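Enquirer:
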Amino acid sequence: MSVLQALDLRRRSASTVPPPPAGKAAAVEVAKLIDVSKCIGCKACQAACLEWNDLQQPIGVTDGTYNNPTDLTPTSFTVMRFAEHEHGDELEWLIRKDGCMHCDDPGCLKACPAPGAIVQYTNGIVDFISENCIGCAYCVKGCPFNIPRISKVDHKAYKCTLCSDRVVVGQAPACAKACPTQAIYFGTKADMTAHAAKRIIDLKSRGYGNAGLYDPPGVGGTHVMYVLHHADKPSLYSGLPDNPRISPMVGLWKGMLKPISLAAIAFAGVFGLLHYVAKGPNRVTEHDEEQAAELEERKGA
Amino acid sequence: MTVEAKPVSRYTTAARINHWITAVSLILLALSGLALFHPSLFFLTGLFGGGQLTRALHPWIGVVLAVSFLGLFIRFFSLNFWKREDTIWMKNLGKVINNEEEGLPELGKYNAGQKLVFWGQSILILLLFCSGIVLWDTYFADITTIDQKRLAAVAHALCAIAAILIWIVHVYAAIWVKGTLRAMTRGSVTGGWAWKHHRKWFRQEVGKP
Amino acid sequence: MAVTRRQFMRVSAAGIAASTVGALGFGDAGEALAAGVRPFKLERATETRNACPYCAVACGVLIYSMADGTAKDAKPKVVHIEGDPDHPVNRGTLCSRGAASLGYVHSANRLKYPMHRKPGSDKFERVTWDFALDRIARLMKEDRDKNFVARNRDGVTVNRWLSTGFFGGSSLSNEAGYLTYKFVRSTGILAFEDQARI
Amino acid sequence: MTNSWNDIKNTDLVLIMGGNAAEAHPCGFKWVTEAKANNGAKLIVVDPRFTRSAAVADVYAPIRPGTDIAFLSGVMRYLLANGKIHREYAKAYTNATYLVKEGFKFEDGLFAGYDEARKNYVDRSTWEYQFDDQGMVKVDDTLQDRNCVLNLLKVHVERYTPEMVERIAGTPKAKFLQICEMIASTSTPDRTMTSMYALGWTQHTTGAQNIRSMAMIQLLLGNMGMPGGGVNALRGHSNVQGITDLALLSTSTPGYLVLPTDREATYDDYMKSRRFKPLRPGQTSFWQNYEKFFVSQQKSLFGKAATKDNNWAYDYLPKFDVSYDVLKMVDMMAAGQMNGLFCQGLNILMASPNKAKVATGLAKLKWMVVIDPLETETARFWENHGEYNNVDPKAIQTEVIQLPASTYAEEEGSATNSSRVIMWHWKAVDGPGESKSDMEIMSALHLRLKALYAKDGGAFPEPIVDTAWDYKKPENPDPAEVLKDINGYALEDIPDPADPSKVLLAAGKLLPTFAMMRDDGKTSGGMWIYTGVYTEAGNMSMRRDASDPTGLGIHPNWGFSWPANRRVLYNRASADPDGKPWSQRKKYLEWNGQRWAGGDVPDYGPTIAPDKNVGPFIMNQEGTARLFARAAMPDGPFPEHYEPMDAYIANPLHPKVTVNPVVRVFAADAKSFGTPDKFPIVATSYRLAEHFHYWTKNVHDNAVLQPEMFVEMGERLARAKGIKDGDWVEISSQRGAIKAKACVTKRIRPIMVDGSPCDVVGLPIHFGFIGLTRKSQPVNTLTPSVGDASVNTPEYKAFLVDVKKTTPPAAQPATV
């Protein structure tokens, strides 16, 4: 196709050029809001995602839960996670759509060594550009939410694209479009935050005193947010991280360690050079040779 | 005309081949590893046929290195035990660096610096191998947790940098101390070199039938 | 809702701005400031308004079809199905059945040809429509002529045929349903049911 | 549905009981979510399992499968005892004030007139009102007479105390009372409750009475005909409403007319019982028009061959002696009484209870024709699939012809959703291979049969030869032409009854409304309730104006809602007897002095003034709704709790009459019911959000989302049986046994029945031995072949089983 659709970038993995100045492309930030309190776990989002993205997820087996597939895979960008939570005599079935959170400060992008394999558009979407992906799985280590999966077929990383191909033409992501109860909402981040506020008021009126918005500051906020009835305990929802942030290990690895290491190598090289210039080579003298010959003669004799 | 001492055999052909396999794989590992370590060195993946191939080859080269280095280790570990003279040598490292090693105790086949290189690389390669396995997602993705992988990534990077630094010392020493390189190319050193740097070893070698 | 819609931006334009040389002299020129996203796959597709075939909410769907450009006598194929946003009930949404219904249209288990299984056989054999339809008409007539009940024991005209039954589908269109009704009722079949009861 | 999907947004309280809308109808459930988010509505879910509907409910209560009438009668008792009824509504719009005959009684589980030998109510004469000399029902507006319906009802439900509800249904008393209180809150004119039910109510031997119970509650609360009210059947297939309307049913003809029975030897006999004279002064009794609808229908079916002289081809219709419903058909097949069978998009091997019986029946057929877009278990019932379908093909002599049908994407036409809205869909592509549309297949079969009879003659060829198939392309009619045939048109000029010199509608013109239908053969029309769908103004089912001027979710210009484009049935009842809305908040229709005005088409004479005292339930002879059903229900004028046929306990209310006393049990099935000593666990079958019946197991993505059969069980039962998640379990009933993976869950808790815990297991119905999902033995291997006393819907929702840990079936992975 001659027409290439493109989105402006805010960040680009393993890039040696600085991002364009803020304001150059003052795109509106988008966000997907997942209202867990409205979610009926019907998996329409999963089906729509599989269909739109032409994913061929193999047919598995059941493990005695409603989680199918049981985990994210390179061909399942989103899965529903079902958690049965008992408090007192009451039961809650907490159902959460899991998938890429599109962090504002994406750990995957930070970890990625392949230039342009992970990009963040100015609208906030974090996308994997497959042709640049080298399959190193550093993104897996970078991600605080355990999202990217590496394909055993083409050895590339895959995850939710927030349907960047739909968003670029003004369509909502396939999951949000499909969601029967509009538990998945899509729009500008500002609108989604405002919508969430209304939902939280409704939930509080129904006795969920700790209802709130999950937009974790540890990763700079996310472009996929949750309305939770128990925002005080995100981990109730099949292990949603209570306070996600890019691991300090990854911070060290992809931060300080890089310049320090190169500097150390450079220093070692320069030190050698200077030493050689200053002190010169360590040569065997003729006297040494004579001493050696003498010894050989003595022993040999 | 002074008397020329006969060359002294230092490394067998097998040992030299073993060394060079190790050397080449280490260099390739450093190049491919650095390519994936720092974006400004990503261009080095071009040497390996691109990012995907670099990612795929690096761990296999690592396996070659590990096996090869194991050979070296078995060959040389007994010669690398620490001796009293090594401590004295280390205390006089300044003199050594200033090309003033006269008056230091006579040394066996390896000086303290070489021994440190040996042990350093032995430990680092072991660590690199283990952390490398953890990071080798193609085959071993499921045996560790992501947190363990993160730790492994940092450890792998740190060890690799340390190994590269040691390698620089090792190479520089070979360049700086003239007459060293031929030990690994031709397998022998001159008698004078042996007298000067490893006199105790030289005395033993000369004494052999 | 405002979303960036810059679908026709060209890569080369982005390339101009990116020119920094890499750290060790190898220029990584052309680091784009924009990245290509997957092309929107419905651009050339035909949109048809239809209704989901499954449950009785009967959600409005849009069926996108497209001819495969490579084949000479290519017939359009369905490439995507999503909810019809104009439909007052589903408002563009679909459940996991409807959202996956493309896989129904293209199911590996779709029937393509009339098949015939002879008594005692362990397989279906492909037959022509003519064979199948003639055979069915004959079998019907044979059974009907033999077992038609014109009068009951009390002599009342009942005109019924009880030895053949008909299960009709509840996903037929009303028009197909009415033709089915006409066809079946005219024969006197009383054992005539659909999914309404089960 | 009496109301519509969109109308649910107007409600204040949703009761999902006998259904699981979030899973079975997610896009319809959207309107529950809307009501909750924007109307402050609360959601109650009553279900044996904590379902995905329960996951978003405000209140969930457990109930033992098959005890809904006990629960609902308990609710009625609460409402009546606490005065929480909409008294004015009940008095004006129901038969609450009507007097019932003196001899009517209910004792020890039986109503008056039961014949023990014939297992039936042979004398239902006391299930009737008292009439005056004019033939009008006697009423007591003071509600003092002990024989008035409301007082009889009070007495009848008095036994259903909260304690009794807890004993029978296992719903904890506190929960039950909490729900009663919430329901009672909608007895005020400004609040409504909507009831959403599906097969969880219908698939019981007391199915029709389950729904009646809810209808009675809604009537007591004044929620019928109200926005956000009603009794709403969610329904199954995309056009099950349309196909039911069109009467692909054994005893019906299109538009809820009824086939003649053996007792109606002549046309006059038939019409005599269908004149439906009003039972109260001034009532409409709309069924008085029956003959107009019937004659028009006969003209559509048989064209010129239907004449006044041959009583509109009355004898062309078969007469029925008994109902030949699904269960009866299977019973006949299994008894070797059937030779031929068509399965058009219906997978009977999976769909009818007691798979072994169905398989036996299919094997006794001489021939079977399967018309389907997909491979089905039925088409391949003769094929050996190891332990999933262990048959010997050689021993099965049934000839099978399988015809490939097209799907919705490959044909155009109209379908009717459960809101009764008829909507057109357009063709996108051709079907695969040689597949043909059902219209083409039906036409081909009809035309071939017709040709054979025209040529060779045979048994009574007339109805076949004379069937009107005069479409422009008879071998593949244009759907629009068929819809016109259903809608109807004038065969001759129709004169104005007021002024016979004027022509109301010229010959050949489409009928604008069923009021235009005539009983003199001047009109043709396949189904009166659809008249108006295709008029001279065009195909109304194609209308796509989604606007909603009133904001009440009426969408009057989207498609066409039968009857007469009416969106909420009985909507006259939304206004009080004086024609004023019961409350401004729930304003829907009102009398503006000249006519009934509002956003919807009145379900009423549009210009009948309130002072005429015409009741809002115009389809009834009384003009009012029936709290007391007269003789319309075979198992009693009031609902009564009876245990399922696989009875878990003796009925605590009347141990001598444990199960529904008038249930039809075939001789062949007499020993097929389970008892709790051998099968101590209650099972219920259900549908999953990820699958639709037995189709989507052929769809890859749905197979991904739910790949394999499982059985849901509570932790207590699993512990007792040593079963863990993912273990293989054998589930057995009196009818057979299947294997399934265990899904151990907190969502099913033992239900305390009569003081001791009752374990419940749940079985999804979707999995079989054909499809992309893992092979499984169908669940109907377990279910009993018995149906509802009124309409014979099989009892899939409550039966007895036992479970035990077992080994994996062959060719299945041993572990996950």
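Chains A, B, C and D supply the protein sequences, listed in that same order.
Start counting the first sequence at 23; every next residue gets the next number (the numbering used here).
Start counting the second sequence at 80; every next residue gets the next number (the numbering used here).
Start counting the third sequence at 966; every next residue gets the next number (the numbering used here).
Start counting the fourth sequence at 193; every next residue gets the next number (the numbering used here).
Positions of the beta carbon are idealized from the N, C-alpha and C atoms, including for glycine.
Keep in mind the model is a prediction, meaning the values are calculated, not measured.
1. Provide the residue span of the beta strand (DSSP E) that contains D/ARG466, from first to last.
2. Restricting to Cα atoms, I'd like to know which of A/LEU317, A/HIS252, A/ASP264 and A/TRP275 is closest to A/VAL241.
3. Starting from D/ASP307, follow its DSSP beta bridges and name the residues at the other end.
4. Could you have a look at D/ILE940 and say whether DSSP puts it in helix, strand or coil?
5. Could you tell me the distance, in whole angstroms, from the CA atom of C/ALA1161 to the CA atom of A/TYR230?
6. For C/PRO1041, list the residues DSSP reports as bridge partners.
7. According to DSSP, is D/CYS535 part of a helix, a strand, or is it coil?
8. Can at least three beta-carbon pairs, one atom from the segment 163 to 172 of chain A and one from the segment 92 to 99 of chain A, be found at a separation below 8 Å?
9. Using beta carbons (cut-off 8 Å, strictly below), is C/VAL1092 in contact with chain A?
10. In whole angstroms, what separates the C-alpha of C/ILE1046 from that of C/ASN1055?
11. With distances taken between CB atoms, is the gap from A/ALA198 to C/CYS1060 smaller than 8 Å?
12. Give me the DSSP bridge partner(s) of D/LYS628.
13. So what does DSSP say about A/VAL241, is it helix, strand or coil?
14. What separation, rounded to the nearest whole angstrom, lies between the Cα atoms of D/THR608 and A/PRO137?
15. Label B/ARG163 either buried or exposed according to how many other C-beta atoms from any shown protein chain fall within 10 Å of its C-beta, with 16 as the threshold for buried.
16. Where D/ARG966 and D/PRO545 are concerned, what is the direct C-alpha to C-alpha distance, given to the nearest angstrom?
17. Measuring only between beta-carbons, confirm whether D/VAL206 sits less than 8 Å from chain A.
18. Whole angstroms are fine: how far does the CA of D/THR850 sit from the CA of D/THR499?
19. Closer than 7 Å by C-beta to D/LYS694: which residues in its own chain qualify, once you throw out the five before and the five after it? Chain order, please.
20. Please list the terminal residues of the continuous beta strand (DSSP E) segment that includes D/GLY623.
21. Just checking my contact of D/SER141 with D/LEU426 at CB under 8 Å: how many whole Å lie between their CB atoms?
22. Are the CB atoms of A/CYS122 and A/VAL249 within a distance shorter than 8 Å?
23. In this structure, how does DSSP classify A/GLU308 when only helix, strand and coil are distinguished?
24. What do you get for D/ASP460, buried or exposed, if any count of 16 or more other CB atoms within 10 angstroms of its CB means buried?
25. Do B/ILE204 and B/LEU144 have their C-beta atoms within less than 8 Å of each other?
26. Assuming D/PHE494 and D/THR659 make a contact with CB atoms under 8 Å, what is their CB distance in whole Å?
27. Establish whether the CB of D/VAL450 and some CB of chain C are separated by less than 8 Å.
28. In the segment 61 to 83 of chain A, which residues sit with their C-beta less than 7 Å from some C-beta in chain D, listed in chain order?
29. Give, in chain order, every unbroken run of the alpha helix (DSSP H) that is at least 4 residues long and sits entirely within the segment 843 to 916 of chain D.
30. Under 7 Å, CB to CB, which of the residues in the segment 272 to 283 of chain A have a partner in chain B?
31. In chain order, which alpha helix (DSSP H) runs of at least 4 residues are fully inside the segment 646 to 734 of chain D?
32. Under the rule that 16 or more other beta-carbon atoms within 10 Å means buried, what is A/GLN142, buried or exposed?
33. Buried or exposed for D/TRP783, please, with buried defined as at least 16 other CB atoms from any protein chain shown within 10 angstroms of its CB.
34. Is the Cβ of A/ILE169 closer than 8 Å to any Cβ of chain B?
35. Going straight from the alpha carbon of A/ASP237 to that of A/ALA53, what length do you get?
36. In or out: A/PHE293 buried (at least 16 other Cβ within 10 Å) or exposed?
Expert: By the coordinates alone:
1. Reading the fourth sequence from its first residue, position 274 is the one you call residue 466 of chain D. Counting along the chain, D/ARG466 sits inside no beta strand (DSSP E), nor does DSSP assign it H or E at all.
2. Working through the first sequence from its first residue, we reach residue 241 of chain A at position 219. Nearest Cα to A/VAL241 within the set A/LEU317, A/HIS252, A/ASP264 and A/TRP275: A/ASP264.
3. Numbered from its first residue, the fourth sequence carries residue 307 of chain D at position 115. Answer by DSSP bridge pairing, in chain order: D/ASN312.
4. If you number the fourth sequence from 1, residue 940 of chain D lands on position 748. Looking at D/ILE940 - three-state DSSP - the assignment turns out to be coil, as it is neither helix nor strand.
5. Residue mapping note: residue 1161 of chain C aligns to position 196 of the third sequence, counting from 1. Residue mapping note: residue 230 of chain A aligns to position 208 of the first sequence, counting from 1. Distance from the CA atom of C/ALA1161 to the CA atom of A/TYR230, rounded to whole angstroms, is 41 Å.
6. Taking the first residue of the third sequence as 1, we reach residue 1041 of chain C at position 76. Answer by DSSP bridge pairing, in chain order: C/ALA1032.
7. Within the fourth sequence, residue 535 of chain D is the residue found at index 343, counting from 1. In the structure shown, D/CYS535 adopts extended strand secondary structure according to DSSP, grouped into three states.
8. Taking 8 Å as the limit for Cβ pairs, the verdict is that the segment 92 to 99 of chain A does touch the segment 163 to 172 of chain A.
9. Along the third sequence, one-based indexing puts residue 1092 of chain C at 127. So, not an interface residue.
10. To locate residue 1046 of chain C, count along the third sequence from 1; it is residue 81. To locate residue 1055 of chain C, count along the third sequence from 1; it is residue 90. Distance between the alpha carbons of C/ILE1046 and C/ASN1055: 14 Å.
11. Here residue 198 of chain A refers to the residue found at position 176 when the first sequence is read from its first residue. Here residue 1060 of chain C refers to the residue found at position 95 when the third sequence is read from its first residue. Against a cut-off of 8 Å, the Cβ pair of C/CYS1060 and A/ALA198 comes out as no contact.
12. Reading the fourth sequence from its first residue, position 436 is the one you call residue 628 of chain D. Note: D/LYS628 sits in a beta bridge opposite D/ALA597.
13. Residue 241 of chain A sits at position 219 when you count from the first residue of the first sequence. Correct three-state label for A/VAL241: helix.
14. Here residue 608 of chain D is taken as the residue at index 416 of the fourth sequence, counted from 1. Here residue 137 of chain A is taken as the residue at index 115 of the first sequence, counted from 1. Straight-line Cα distance between these residues: approximately 55 Å.
15. Here residue 163 of chain B refers to the residue found at position 84 of the second sequence. The residue is exposed, with fewer than 16 neighbouring Cβ atoms inside 10 Å.
16. Counting from 1 along the fourth sequence, the entry for residue 966 of chain D is found at position 774. Counting from 1 along the fourth sequence, the entry for residue 545 of chain D is found at position 353. Linking D/ARG966 to D/PRO545 through their CA atoms gives a straight-line distance of about 21 Å.
17. Reading the fourth sequence from its first residue, position 14 is the one you call residue 206 of chain D. No, D/VAL206 lies away from the interface with chain A (no Cβ there is under 8 Å from its Cβ).
18. Here residue 499 of chain D refers to the residue found at position 307 of the fourth sequence. Here residue 850 of chain D refers to the residue found at position 658 of the fourth sequence. Answer to the nearest angstrom: the Cα atoms are 52 Å apart.
19. The residue you call residue 694 of chain D lines up with position 502 of the fourth sequence. Same-chain partners within the cutoff: PRO687 and ASP688.
20. Position 431 of the fourth sequence, counted from the first residue, corresponds to residue 623 of chain D. DSSP places D/GLY623 in no beta strand (DSSP E); its state is neither H nor E.
21. The shown model of chain D, from 193 to 1008, leaves out residue 141 of chain D, and the question about it has no answer.
22. For this step, residue 249 of chain A is matched to residue 227 along the first sequence. For this step, residue 122 of chain A is matched to residue 100 along the first sequence. Contact annotation: A/VAL249 and A/CYS122 have beta-carbon atoms that are not nearer than 8 Å.
23. By one-based count along the first sequence, residue 308 of chain A stands at place 286. Secondary structure of A/GLU308 (DSSP, three-state): helix.
24. The residue you call residue 460 of chain D lines up with position 268 of the fourth sequence. With fewer than 16 neighbouring CB atoms inside 10 Å of its own CB, D/ASP460 falls in the exposed class.
25. Sequence index remark: in the second sequence, residue 204 of chain B carries index 125 (1-based). Sequence index remark: in the second sequence, residue 144 of chain B carries index 65 (1-based). Yes; because the gap between Cβ atoms is below 8 Å, this pair is in contact.
26. As a first step, residue 494 of chain D must be located in the fourth sequence, where it is residue number 302. As a first step, residue 659 of chain D must be located in the fourth sequence, where it is residue number 467. Distance from D/PHE494 to D/THR659 at the Cβ level is roughly 6 Å; contact confirmed, criterion being Cβ atoms closer than 8 Å.
27. Here the question's residue 450 of chain D lines up with position 258 in the fourth sequence. For D/VAL450, the nearest beta carbon of chain C is not closer than 8 Å to its own beta carbon.
28. Of all residues in the segment 61 to 83 of chain A, the ones placed with a Cβ closer than 7 Å to any Cβ belonging to chain D are ILE62, GLY63, CYS64, LYS65, ALA66, GLN68, ALA69, LEU72, GLU73, GLN79, ILE81, GLY82 and VAL83, in chain order.
29. Runs of the alpha helix (DSSP H) inside the segment 843 to 916 of chain D: 892 to 897 and 907 to 913.
30. Listed by position along the chain: VAL272, LEU274, TRP275, LEU279, LYS280 and SER283.
31. Whole alpha helix (DSSP H) segments, 4+ residues: 654 to 658 and 671 to 679.
32. For the purposes of this step, residue 142 of chain A is identified with residue 120 of the first sequence, where counting begins at 1. Burial state of A/GLN142 is buried, judged by a 10 Å Cβ sphere holding 16 or more other Cβ atoms.
33. Sequence index remark: in the fourth sequence, residue 783 of chain D carries index 591 (1-based). With 16 or more Cβ atoms within 10 Å of its Cβ, D/TRP783 is classed as buried.
34. Translated into the one-based positions of the first sequence, residue 169 of chain A becomes position 147. Not an interface residue.
35. As a first step, residue 237 of chain A is located in the first sequence; it is residue number 215 there, counting from the start. As a first step, residue 53 of chain A is located in the first sequence; it is residue number 31 there, counting from the start. Rounded to the nearest angstrom, the two C-alpha atoms are 10 Å apart.
36. As a position in the first sequence, residue 293 of chain A is number 271, starting the count at 1. Residue environment: A/PHE293 is assigned as exposed (fewer than 16 neighbouring CB atoms within 10 Å of its CB, all protein chains considered).
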